[in-house]
Structures are given as structure tokens and as C-alpha cells.
Amino acid sequence: MSEALSWAELNSRNLTEQQKGQDVAESFSIHTQTVGEGGEVVVFLPGLFGQGKNFSQIAKWLAPKFQSVLADLPNHGASGWTESFDYTQQADLVADALRAGAAVEGPVNLVGHSMGGKVAMALALRHPELVRRLAVVDISPASRESMDEFEHLLDSLLQLPLEEIASRSEADERLRGPIPENMVRGFLLQSLTRSGDEFRWRPNLKLLRESLPVIGGFPDFSGKQFEGPVLWVAGADSDYVSEAHAPAMRQLFPRVTLTTVKNAGHWVHAEQPQVFTEALQHFLTR
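If you're matching positions, the sequence shown starts at 281 in my numbering and goes up one per residue.
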């Protein structure tokens with residue numbers, strides 16, 4: 281893996297339809313890592329709480345045929361924070377980064393999981409010239425009725441008294457009560473970083489907590505379509521993709537193909553990494 285790099289300090293723009301084109305004084309940065317040196321570019325966008333590095337193993341398996349760019353979404357990892365959240369904003373920030381970096385020589389293959397999948401869909405619909413192929417992993421262009429699980433996780437992290445924490449193991453122990461699942465707790469603790477004697481969370485937890493209703497929804501893209509090839513990956517044991525979502529998916533993405541991965545829940549690429557990689561490779565090379 282190459283050294284972590286940034287897609288430059290980019291001039292951010294207002295990102296709503298009403299404000300698009302107006303300059304914003306402050307700059308914005310998207311943090312990435314690059315794996316591989318040749319072939320077509322594949323850009324990975326992780327979900328809520330995730331970081332680009334969560335796709336490191338997949339990226340290594342795709343090399344040398346593909347060069348993978350592992351991105352931290354805004355308000356996550358080492359990327360910048362925003363003052364508000366909506367999917368068009370997120371998509372436009374990533375699109376600006378693509379234009380300045382990974383897509384400077386042409387469109388890229390875009391892979392997004394969960395919240396990152398919604399960002400990827402919005403980006404493909406708003407900026408189709410940047411996307412060659414799109415893979416959407418275990419998420420639909422629909423609103424999710426309940427965000428209780430994420431409310432609980434975010435509240436648990438926000439309530440952790442970081443000023444009292446002396447070690448990562450102590451943070452793990454204090455979270456064991458509200459978050460007993462070792463895998464979930466370990467995944468969340470990847471976002472706990474230390475500077476000197478102080479711990480802090482890399483994600484913008486407060487904004488993410490306030491924005492959960494928006495995160496659970498999806499913008500109205502009536503009248504828009506992305507006409508490129510789309511792979512829609514679902515975990516067989518997950519409820520994030522259902523037959524009820526298919527009409528909306530096909531309306532926005534007429535060239536979509538659904539692949540269901542057995543013995544996988546919402547974290548398809550982590551629970552069945554080899555099967556997921558094989559499906560992705562087949563899609564990218566067909």
C-alpha cells in the first residue's frame with residue numbers, strides 16, 4: 281500500500297441546487313490511500329463509521345489489474361468535517377475530489393457500501409461523466425424506517441468520557457456494556473485516535489447523530505438516470521435490500537444487476553470477502 285495521500289486542498293462549493301456555483305471561503309479535503317499502480321481505477325466509499333482502509337484486503341486482491349483508491353467520506357477518518365449533512369453535498373464533495381485526483385484522466389469505477397453506497401448513487405446521478413461503472417453494496421435508494429441501532433451506537437460513543445480514558449483497552453472495557461458485540465466494538469474503536477495524552481473520535485459524531493434522519497433517507501432524483509452498468513450486491517441475511525426497493529433502483533439505474541451473497545449480512549465485503557471480490561472482479565471486467 282502506498283503512503284496515505286490527500287486529494288489536495290480543494291475549494292469547496294455550496295452544494296445545494298440553489299447555491300451551486302457560489303464559492304465558499306474555506307477549503308475541504310478528502311483523505312485517501314492508493315493500492316496498486318496499474319489498470320482501471322476503482323474508488324471505494326465506506327459506510328457510516330467506516331474508513332477507506334476497511335477495503336484494504338479487497339483492494340490488494342484486485343491488484344495488479346486495478347488500482348484502488350480508498351476514500352474516507354466527509355466527517356469520517358482523516359477527511360474534513362462539514363457543518364451540515366445531505367447526500368447531494370456529500371456526493372458533490374467527493375465529485376470535486378475525483379475531478380482533481382482519481383478521475384483526472386477519465387471516469388472511474390465507483391464502489392459504495394451502505395451510507396457510502398447512497399453517496400455513490402447520488403454521485404453517479406449528479407455527475408455521470410465521472411463514473412464508468414457503479415457497484416452499490418447492501419443499500420437501496422430508499423428511506424430506512426428505523427435508525428435505532430445507529431442512535432444507540434452514536435449515543436454510546438458520545439457518552440464515553442474521553443477525558444477519563446487512559447488507554448484504548450479502557451475505552452474498550454467501558455463500551456463493553458452498551459456495545460457487547462466484540463466485532464462491532466472493535467470496528468468502532470478503529471475511529472478512536474490519540475494525540476499526546478488525549479483521545480478523540482475521528483468521525484464528526486455530533487453531526488452524524490443529529491443527521492440520522494437524513495442519513496436514513498435518500499434524495500428525490502425523479503427524472504434522473506445513470507445509464508452505465510450497475511452491480512447491486514445484497515447480503516442474503518440483511519434487510520437493507522428487498523424486492524420492494526427494486527422498482528426504484530431500476531428506475532434510477534436501468535442497467536442494474538442484483539447479486540445476493542449467501543451467508544452474509546449487511547457487511548458483505550467483510551463477512552464474505554472472497555465471494556464479494558470475485559463478484560466485483562467479474563462485474564469490472566465483463
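Don't be surprised by glycine CBs; every beta carbon is placed ideally from N, CA and C. Given the structure is predicted, the values throughout are model-derived calculations rather than measurements.
| Item | Value |
| --- | --- |
| Alpha carbon of Phe430 to alpha carbon of Gly496, nearest angstrom | 10 Å |
| 6 Å CB neighbourhood of Lys504 in its chain, flanking five on each side removed | Leu405 |
| Status (buried if at least 16 other CB within 10 Å, exposed otherwise) for Ser423 | exposed |
| Length-filtered (3 minimum) beta strand (DSSP E) runs lying within the region 301-375 | 303-308, 311-315, 320-325 and 346-351 |
| Host beta strand (DSSP E) of Ser522 (start-end) | Segment: none, Ser522 is in no beta strand (DSSP E) and carries neither H nor E. |
| C-alpha distance - Leu350 paired with Gln331, whole-angstrom precision | 8 Å |
| Cβ contact check for the region 531-551 and the region 425-443: 3 or more pairs under 8 Å | no |
| Of the listed residues Ala514, Leu532, Ala382 and Tyr520, nearest to His549 (C-alpha basis) | Ala514 |
| Counted within 10 angstroms of its Cβ, other Cβ atoms place Lys398 as buried (16 or more) or exposed | buried |
| One or two residues paired with Phe533 in a DSSP bridge | In the DSSP output, where bridge partners are listed per residue, Phe533 has none listed. |
| Same chain, Cβ closer than 6 Å to Lys345, five either side skipped, listed in chain order | Gly319 |
| Integer Cβ distance of Leu414 from Val374, believed to fall under 8 Å | Incorrect: roughly 13 Å between the Cβ atoms, too far for contact. |
| Extent of the continuous beta strand (DSSP E) to which Asn462 belongs | Segment Asn462 to Leu469 is the alpha helix (DSSP H) holding Asn462; no beta strand (DSSP E) there. |
| Counted within 10 angstroms of its Cβ, other Cβ atoms place Phe477 as buried (16 or more) or exposed | First, the amino acid is wrong: residue 477 is Asp here, not Phe. It counts as exposed. |
| Among Pro441, Asp428 and Thr312, nearest to Ala377 - alpha-carbon criterion | Thr312 |
| Boundaries (first-last residue) of the alpha helix (DSSP H) holding Phe556 | Pro553 to Thr565 |
| Start-end ranges of the beta strand (DSSP E) lying completely within the region 389-430, minimum 3 residues | 411-417 |
| C-alpha distance - Ala402 paired with Leu442, whole-angstrom precision | 35 Å |
| Segment contact, 8 Å Cβ cut-off, at least three pairs: the region 328-342 with the region 354-372 | yes |
| Neighbour-count burial assignment, Arg412, 16 or more Cβ in a 10 Å radius | buried |
| Selection from Asn389, Asp418 and Ile459 that minimises the alpha carbon distance to Ala516 | Asp418 |
| First and last residue of the uninterrupted alpha helix (DSSP H) at Val494 | Leu492 to Gly496 |
| Short Cβ contact (9 Å threshold) for Ser420 with Tyr520 | yes |
| Nearest-angstrom beta carbon gap, Val321 and Val391 [assumed within contact, 8 Å] | Not a contact, Cβ separation roughly 11 Å. |
| Distance CB(Pro499)-CB(Thr362) smaller than 9 Å | no |
| Own chain, CB closer than 8 Å to Lys486, minus 5 neighbours either side, in chain order | Leu438 |
| Buried versus exposed, by CB contacts within 10 Å (16 or more), Pro483 | buried |
| Residue from Phe563, Phe467 and Arg379 with nearest C-alpha to Trp481 | Phe467 |
| Ser449 - DSSP class collapsed to helix/strand/coil | helix |
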